[in-house]
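Under the numbering used here, the letters of the sequence shown match residues 251 to 896, in that order. Where is the CB? At the ideal position from N, CA and C, for every residue including glycine. Inspection log for the structure reproduced underneath, given as structure tokens.
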Amino acid sequence: MMHRLPLLGRAVLTFAAAAVLFGAAIVSFGSPSASAGNDDGFLRVDSLRGAGGPVVIDGYAPGLNREPVSVSTGSGPLVADTRWADRLPLEVALVVDDAAGQRNGTVQLAADALLALIPGGDGPARTAVLTTSGGPDVVAPLTGSGAEISDALAGITLAKSGGSDLLGTIEAAADLLGSGDPAARRAVVVVAATPERGTSGLGRTERSLVSSQASVEALVVGTGAPAAQLARLVEATGGDVTPLSSDEQLNEGAEAVADRLSTRFRTEVASPPGSGVRSLELALDGSTTSVTLAPGTDRRGPAALQPPVAAEQSQASRVLEHPLAVALAALVGAGALAVVLWIVVSMVLGRRQLSDRLGAYDEQAVLVMPEGPPVTEVATVPFLQRAVAITGDLAERQGLLERLERDLERANLPLRAAEALFFGVVAALIAGAFALVLTGSPLVAVAAVLIGVMLPKVIINIRVRRRIKAFEGQLPDMLDLLAGTLRAGYSIAQGIDAVSKEIPDPMGRELQRVVNEHRLGRSLEESLDGVAERTGSDDFAWAVMAIRIQREVGGNLAELLLTVSSTMNQRERLRRDVASLTAEGRMSAMVLGLMPFILGAVMYVINPEYVLALLTPGIGYFMLGAAVVSMIIGFIWMKKLITVEV
């Protein structure tokens with residue numbers, strides 16, 4: 251007859267079932283629902299300004315009708331005023347990569363393609379032209395003359411020498427736009443085809459673009475241009491990066507940029523009441539998007555504008571936003587916690603049958619299950635028992651189960667190795683699942699699983715070290731007490747029994763186990779050797795060896811134990827003296843070991859580009875690797891200097 255679960259077990263398993271059902275319901279609702287938008291166009295926001303007045307939203311709407319953009323928050327719609335390209339001037343700076351190292355035809359095709367962005371119509375009101383070879387060169391300042399811009403583009407040819415200072419030229423273009431019409435939209439259109447060889451920092455260029463409120467539209471030809479750096483500028487300022495496989499696609503790319511810029515709009519709304527970060531939803535011609543509004547701040551680029559809740563939410567996201575869902579999640583969390591607590595309590599407090607207790611002391615014993623109710627175990631559900639058995643078999647084949655049993659015994663944790671391993675793995679997987687649900691990042695989930703796997707081992711090792719340290723600290727006092735009992739006329743076995751009742755754990759527990767084993771027929775020396783093996787104490791092994799020799803050759807055991815105790819006290823005093831004398835060296839090693847990480851973090855906060863140079867292929871990786879190797883050598887050297895064997 252199957253053993254019935256106690257009331258607590260049935261309750262927590264009910265909680266677990268509720269958690270599974272709730273998760274299944276969420277997953278069933280979890281398919282993302284696309285917004286009913288216009289398939290021929292989209293709505294994009296590049297910047298949002300909310301400091302010192304109304305909220306100003308700048309964006310583009312390619313393929314959508316020029317209608318008023320509706321803006322709403324969670325509390326309702328807002329009154330919005332939208333201006334399109336015919337009432338919103340645009341100023342553009344054209345940056346042409348004319349550096350050596352590319353075909354002359356590429357430069358000519360780029361210049362011809364950018365004719366789509368000369369002033370006129372819904373295009374730019376004013377345009378400037380700059381080149382990158384050898385440093386920023388303003389070929390044409392901001393002007394509304396289409397003929398002047400056409401002549402400037404026609405005069406651009408491939409440079410005979412000199413690398414491309416692309417970032418410096420973009421910075422100069424941003425400064426040029428910053429001196430223009432403050433009411434105009436601003437964009438830097440870049441055609442890049444060669445690697446960046448300038449000296450301007452990426453962060454400085456980014457700050458110039460943000461200061462001038464200019465976005466970046468980049469056409470990247472081939473694989474030689476710094477597409478990653480341009481993508482970072484776009485992420486911070488708005489715009490787009492268009493990769494082109496060949497220069498023959500330049501005309502198409504430039505026309506797409508011109509069409510996108512011609513759909514520019516600016517929407518102004520009164521700052522909504524309330525404080526704190528919130529989401530604004532914009533809708534136009536069936537397309538929607540959401541952006542983040544933080545009162546009193548300006549935001550540019552996709553990263554800063556990303557809403558706290560995605561514009562296109564799955565049904566699961568909407569369910570989890572409801573207060574009832576939060577309450578259910580809390581209930582499920584409480585149920586999961588109850589399951590863990592029940593397992594731990596059952597593992598620690600579960601009573602073992604007498605035959606199971608005696609089996610640990612007799613290697614030849616065969617465990618015979620008595621008739622009647624089975625032995626109480628942690629895993630009482632059949633499928634859990636099977637899972638624990640499979641886990642135990644796999645671990646035993648790898649030798650893991652034996653090591654885990656030894657560690658649990660040394661840590662004085664009354665857990666079965668197979669069950670501890672199984673539930674530890676399950677807990678790690680649950681932690682990874684929760685991390686994936688909460689963060690949505692697979693890397694965070696993997697990190698949570700790894701932490702969940704390593705954390706029990708770390709906790710066990712800490713308990714083992716603390717127990718061994720406490721055991722060795724009690725050893726001299728135990729030897730003194732044992733010597734006193736021997737002088738009083740007790741036998742060695744009686745003395746150990748008396749001392750075990752007087753001295754606290756862990757020494758008292760280990761000596762009591764020696765007494766129990768000796769009463770069951772195991773020799774006293776073997777029982778004491780078992781204590782030395784479990785605790786890993788060399789001092790105790792030395793004391794056991796002294797007792798064994800005395801029992802073989804005779805002599806005054808009490809005097810011998812007092813001598814051993816005195817020697818151990820002197821060794822402990824010497825250890826403490828050495829620790830005091832090496833404290834300065836250990837502190838210096840700690841400071842020197844942490845200094846590279848602290849200085850690196852400080853420099854990254856002050857100037858990120860300075861530190862990120864180490865993460866670039868080539869010399870950066872080489873220097874970073876050399877630094878890591880040097881640090882490892884330094885750690886080993888300092889460890890050798892401050893370690894004194896006693």
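Starting from the C-beta of residue i, find all residues in its chain whose C-beta is less than 7 Å away, skip the five residues before and the five after it, and write them out in chain order.
i: residue 443; result: 347, 352, 356, 471, 472, 474, 475
i: residue 412; result: 349, 350, 383, 384
i: residue 922; result: Coverage of the chain is limited to positions 251 through 896, which leaves residue 922 absent and any answer about it impossible.
i: residue 750; result: 758, 761, 762, 765
i: residue 800; result: 807, 810
Can you list, in chain order, the residues of its chain with a C-beta nearer than 6 Å to that of residue i? Leave out the 5 residues immediately preceding and following it.
i: residue 612; result: Bear in mind that the predicted position of residue 612 carries a pLDDT of just 47, short of 50, making it too unreliable to give a figure here.
i: residue 503; result: 469, 492, 494
i: residue 791; result: 782
i: residue 682; result: 695, 698, 699
i: residue 500; result: 359, 360, 363
i: residue 423; result: 343, 345, 380, 438
i: residue 429; result: none
i: residue 876; result: none
i: residue 777; result: 764, 767, 768
i: residue 505; result: 366
i: residue 795; result: none
i: residue 402; result: 379, 389, 390
i: residue 331; result: 518
i: residue 616; result: Unreliable positioning characterises residue 616 in this predicted model, as indicated by a pLDDT of 40, which lies under 50. A coordinate reading is not provided.
i: residue 451; result: 859
i: residue 687; result: none
i: residue 335; result: 372, 512, 514
Would you mind working out which of the options sits nearest residue i, comparing C-alpha positions?
i: residue 319; options: 517, 782, 303; result: 517
i: residue 354; options: 393, 370, 405, 304; result: 405
i: residue 340; options: 698, 851, 841, 394; result: 394
i: residue 903; options: 780, 745, 721; result: Shown here, the chain extends from 251 to 896; a query on residue 903 therefore has no answer.
i: residue 325; options: 307, 530, 345; result: 530
i: residue 465; options: 780, 660, 345; result: 345
i: residue 844; options: 417, 881, 688; result: 881
i: residue 710; options: 651, 809, 478, 659; result: 659
i: residue 399; options: 505, 368, 335; result: 368
i: residue 730; options: 748, 771, 313, 815; result: 815
i: residue 304; options: 337, 328, 296; result: 328
i: residue 294; options: 771, 490, 454; result: 490
i: residue 736; options: 863, 679, 811, 752; result: 811
i: residue 741; options: 678, 487, 797; result: 797
i: residue 373; options: 337, 388, 387; result: 337
i: residue 488; options: 679, 386, 549, 717; result: 549
i: residue 662; options: 785, 723, 454; result: 785
i: residue 712; options: 748, 657, 555; result: 657
i: residue 703; options: 676, 416, 313, 802; result: 676
i: residue 824; options: 864, 894, 542, 480; result: 894
i: residue 436; options: 386, 477, 296, 419; result: 296
I think residue i touches residue j, with their Cβ atoms under 8 Å apart; what is that distance to the nearest whole Å?
i: residue 906; j: residue 469; result: Here the chain has residues from 251 to 896 only, and residue 906 is not among them.
i: residue 390; j: residue 378; result: 6 Å
i: residue 537; j: residue 291; result: 6 Å
i: residue 552; j: residue 323; result: Going by Cβ atoms, the distance from residue 552 to residue 323 rounds to 20 Å, so no, they are not a contact pair.
i: residue 909; j: residue 733; result: In the structure as shown, the chain begins at 251 and stops at 896. Residue 909 is therefore absent and cannot be evaluated.
i: residue 779; j: residue 818; result: Contact doesn't hold; Cβ gap of about 18 Å is too wide.
i: residue 532; j: residue 321; result: 6 Å
i: residue 314; j: residue 483; result: The pair is not a contact, with the Cβ atoms about 26 Å apart (cut-off 8 Å).
Just mark residue i as buried or exposed, buried being the case when its beta carbon has 16 or more other beta carbons within 10 Å.
i: residue 891; result: exposed
i: residue 539; result: buried
i: residue 515; result: buried
i: residue 669; result: buried
i: residue 805; result: exposed
i: residue 446; result: buried
i: residue 311; result: buried
i: residue 853; result: exposed
i: residue 433; result: exposed
i: residue 486; result: buried
i: residue 370; result: exposed
i: residue 728; result: buried
i: residue 467; result: buried
i: residue 746; result: buried
i: residue 715; result: exposed
Beta-carbon within less than 8 Å of residue i's beta-carbon, same chain only, minus the 5 sequence neighbours each way: which residues are those?
i: residue 743; result: 765, 768, 774
i: residue 846; result: 877, 881
Next item on the list: Count the C-beta pairs between the stretch 758-769 and the stretch 829-837 that are closer than 8 Å, then say yes if the count reaches three, no if not.
Entry: no
Check: If you pair each beta-carbon of the stretch 422-436 with each one of the stretch 453-463, do three or more pairs fall below 8 Å?
Finding: yes
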